[in-house]
Ligand code: G16
């Protein structure tokens, strides 16, 4: 039986960089999840449609899935494809949407944010191309949340999501599928599993930290079962509702155990970590950290070594705050390089139009045209394929890369949970001063240009403004100031720092040392301490 429930709009259901993210308790509040899901169905349409549904297994994932299924049935959906246990990594969901040519999908995740009753939950809608909804759609969804007066839900028992196969829910088909199988097959079609298997058989050792999040089952199946990596290669492999208390954000701060192992005695050859929903990755060699910007550049320069990319790349795209290292590779390859605002959704049109093959972001996201999301395990496998083909260490590959292309020293400093009003005031003051900055000297550096990044989509012509303040110094260095779109507490200021050094003479500096003059100048320009009371970042990557 379908019930129509009267409701009223709830303030603040505005999707951010990737979907709606809030404290779990907020999502579990009266009508909160239901209002948002109904707004999604009202905007994208539901009657007769097929969707994919899954999430990263965090607390409330299982119950939210049952609510969404009952609402899909009440709104007339024909079929929903659900990962067993309501689990799907974000890239696997993107693949299932494309593979089954569905009308889109709902992904339950707050990505790299911690999970649990006092932590974060999230819901996002992905389009029929498998990618995150573009701004026009998320804006319509938001508008709908401000007008909503009712939602529809069927009264029924839970669907048994532990049992693979077809179930019926008030006339709607619910197909529970193995969350790993189709994704693993896709990976086998892109990479030389034989070459990687031979490398593992030859004694190559790896550590994969799945951080008690969704990639565990994927990594065990692909790395250990199919590629022959030693049992126990994948640690923290069981997805847990609270991620075992971990902060499933693969960076040197939150994946410290992995970093310690990779820099310790008897370190394995290769280390990697992934985030809550499996779209991010961090890659580490024995005794050497690979920054996400460098990772994108190395993957672009070597992708042709993997069968799926043997024909070369159409182009490369990076988000604006990502270092220009990939641009140098693109120039050398004679292919196009694009600079987009932060947010994977901005890559969608470029990928759909076949203008680019690889994309990447400084925020530990890398991916290609195989799906329409960033893909953590995909990046790990491409690195493994390159290591198997080149038969060199990660350090050897990086050093050769820097010697060839020069090095873009890079770091991001995060100042977290700042009072929103103070962060906004700092950005407003900075924006107000932009016009006067070029030509001035700050802390011994000359400012060449300063702007607020705006992007015109080359495919549909849409314009996105105010995407972050860029201050460019002479010599190719820069500082970028931007407020995070994914935090759930106050504001997070991200300060992105970059300095280019040509040729081999720049090697082996510590990035923080190499960037010290730019860090000083950035603080002076924005008055970070005066506005926010903070002079030291909470997280440095
Ligand atoms: C999301 C987007 C990414 C983006 C990141 C930025 O990542 O999918 O494309 O780079 O947000 O985060 P912020 O706005 O905090 O800098 P994820 O992994 O959280 O979905």
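Numbering (the working numbering), first residue to last: 4 to 544.
All C-beta atoms, glycine included, are put in the ideal place defined by N, C-alpha and C.
Would you call the CB atoms of residue 453 and residue 474 closer than 8 Å?
By the CB criterion at 8 Å, residue 453 and residue 474 fall inside the cutoff.
Proximity test, Cβ basis, 8 Å: residue 230 and chain C
The chain labelled as chain C is not found in the depicted structure, where only one protein chain is given.
One question on the structure: do residue 244 and residue 61 come within less than 8 Å of each other, judged by their Cβ atoms?
Yes; because the gap between Cβ atoms is below 8 Å, this pair is in contact.
Taking 7 Å as the limit between beta carbons, can you name the residues of its chain near residue 247, skipping five residues before and five after?
If we look at residue 247 and ignore the five residues flanking it on each side, its Cβ neighbours are 215, 239.
Measuring only from the beta carbon, is residue 480 closer than 7 Å to any heavy atom that is part of ligand 1?
In terms of side-chain proximity, the C-beta atom of residue 480 is found no nearer than 7 Å to any non-hydrogen atom of ligand 1.
Tell me whether residue 176 sits in a helix, a strand or coil according to DSSP, three-state version.
In the structure shown, residue 176 sits in a strand (DSSP, three-state: E or B).
Taking the alpha carbon of residue 57 as the reference point, which residue from 98, 435, 29 has its own alpha carbon closest?
Looking at the Cα atoms, 98 is the closest of the given residues.
So who's on the other strand from residue 349, going by DSSP bridges?
None, per the DSSP bridge assignment.
In chain order, each alpha helix (DSSP H) run of at least 4 residues that lies wholly inside the segment 105–187
Inside the segment 105–187, DSSP marks whole alpha helix (DSSP H) runs of 4 or more residues at positions 138–148, from first to last along the chain.
Residue 278: CB within 7 Å of a non-hydrogen atom of ligand 1:
Yes, the Cβ of residue 278 comes within 7 Å of a heavy atom of ligand 1.
Note down, one range per segment and in chain order, each beta strand (DSSP E) of at least 3 residues found wholly within the segment 184–240.
DSSP assignment within the segment 184–240 yields the following whole beta strand (DSSP E) runs of 3 residues or more, N-terminal first: 209–212.
Can you list, in chain order, the residues of its chain with a C-beta nearer than 8 Å to that of residue 373? Leave out the 5 residues immediately preceding and following it.
Excluding residues within five positions, the ones whose Cβ falls inside 8 Å are 98, 189, 193, 311, 381.
How far does the beta strand (DSSP E) with residue 416 in it extend, from its first residue to its last?
Under the DSSP assignment, residue 416 falls in the beta strand (DSSP E) whose first and last residues are 410–421.
Please name the residue, chosen from 468, 446, 494, 495, that lies closest to residue 522 on a Cα-to-Cα basis.
The shortest C-alpha separation from residue 522 is found at 446.
Starting from residue 519 and walking both ways along the alpha helix (DSSP H), at which residues does that stretch end?
Its alpha helix (DSSP H) spans residues 519–529.
Contact defined as beta carbons within less than 8 Å: I believe residue 348 pairs with residue 134. What is the distance between those atoms, to the nearest angstrom?
Their Cβ separation, rounded to whole angstroms, is 6 Å, which keeps residue 348 and residue 134 in contact under 8 Å.
Quick check on this structure: which residue in 412, 531, 463 has the alpha carbon closest to the alpha carbon of residue 479?
It is 412.
Segment contact, 8 Å Cβ cut-off, at least three pairs: the segment 74–93 with the segment 103–113
Enough Cβ pairs lie closer than 8 Å, so yes.
Give the single residue among 322, 105, 308 whose Cα lies nearest to the Cα of residue 316.
Ranking 322, 105, 308 by Cα distance to residue 316 puts 308 first.
Tell me whether residue 152 is buried or exposed, calling it buried when 16 or more other Cβ atoms sit within 10 Å of its Cβ.
Answer is exposed; the Cβ neighbour count stays below 16.
Just to check my reading of the structure: residue 398 and residue 289 have Cβ atoms closer than 8 Å, yes? What is that Cβ distance to the nearest angstrom?
Between residue 289 and residue 398 the Cβ distance is about 7 Å, and since that is below 8 Å, they are a contact.
Tell me whether residue 345 counts as near ligand 1, meaning its Cβ is closer than 7 Å to at least one heavy atom of that ligand.
Result yes, Cβ under 7 Å from ligand 1.
Could you round the C-beta distance between residue 180 and residue 100 to whole angstroms and report it? I think they count as a contact, below 8 Å.
In this structure residue 180 does not touch residue 100 by the C-beta definition: roughly 12 Å separates them, more than the 8 Å allowed.
Closer than 7 Å: is that where the CB of residue 487 sits relative to any heavy atom of ligand 2?
Ligand 2 is not part of the structure shown, which contains ligand 1 as its ligands.
Determine the extent of the alpha helix (DSSP H) in which residue 379 is found, giving its start and end residues.
Segment 379–393, the alpha helix (DSSP H) holding residue 379.
Beta-carbon contacts of residue 200 that lie in its chain and below 7 Å, excluding the five residues immediately before and after
Counting only residues of its own chain and dropping the five nearest sequence neighbours on each side, residue 200 has a CB closer than 7 Å to the CB of 230, 231.
Kindly indicate the opening and closing residues of the beta strand (DSSP E) around residue 598.
The displayed coordinates of the chain run from 4 to 544. Any statement about residue 598 would go beyond what the structure contains.
Within a Cβ cutoff of 7 Å, which residues of the same chain sit near residue 428, ignoring the five residues on either side of it in sequence?
Close CB contacts of residue 428 within its chain, under the 7 Å cut and outside five residues either way in sequence, are with 534 (chain order).
If you count every other CB in all the chains shown that lies within 10 Å of the CB of residue 122, and 16 or more means buried, which is it?
Its Cβ being crowded by 16 or more others within 10 Å, residue 122 is buried.
In chain order, which beta strand (DSSP E) runs of at least 3 residues are fully inside the segment 48–100?
53–58, 82–90, all fully within the segment 48–100.
Which one or two residues does DSSP pair with residue 498 in a beta bridge?
Per DSSP, 416, 484.
With a threshold of 16 other CB atoms inside 10 Å of the CB of residue 78, please say whether the residue is buried or exposed.
Residue 78 is buried by the Cβ-count criterion.
Does the Cβ of residue 282 lie closer than 7 Å to at least one heavy atom of ligand 1?
Yes, since a heavy atom of ligand 1 falls inside the 7 Å radius drawn around the Cβ of residue 282.
Span separating the alpha-carbon of residue 329 from that of residue 319:
Straight across, the Cα-Cα distance linking residue 329 with residue 319 is about 7 Å.
On a CA-only basis, which of 538, 88, 304 is nearest residue 361? Give me that one, please.
Nearest C-alpha to residue 361 among 538, 88, 304: 304.
For residue 257 and residue 227, I'd like the C-alpha separation in whole angstroms.
Our two residues, residue 257 and residue 227, have alpha carbons roughly 24 Å apart in a direct line.
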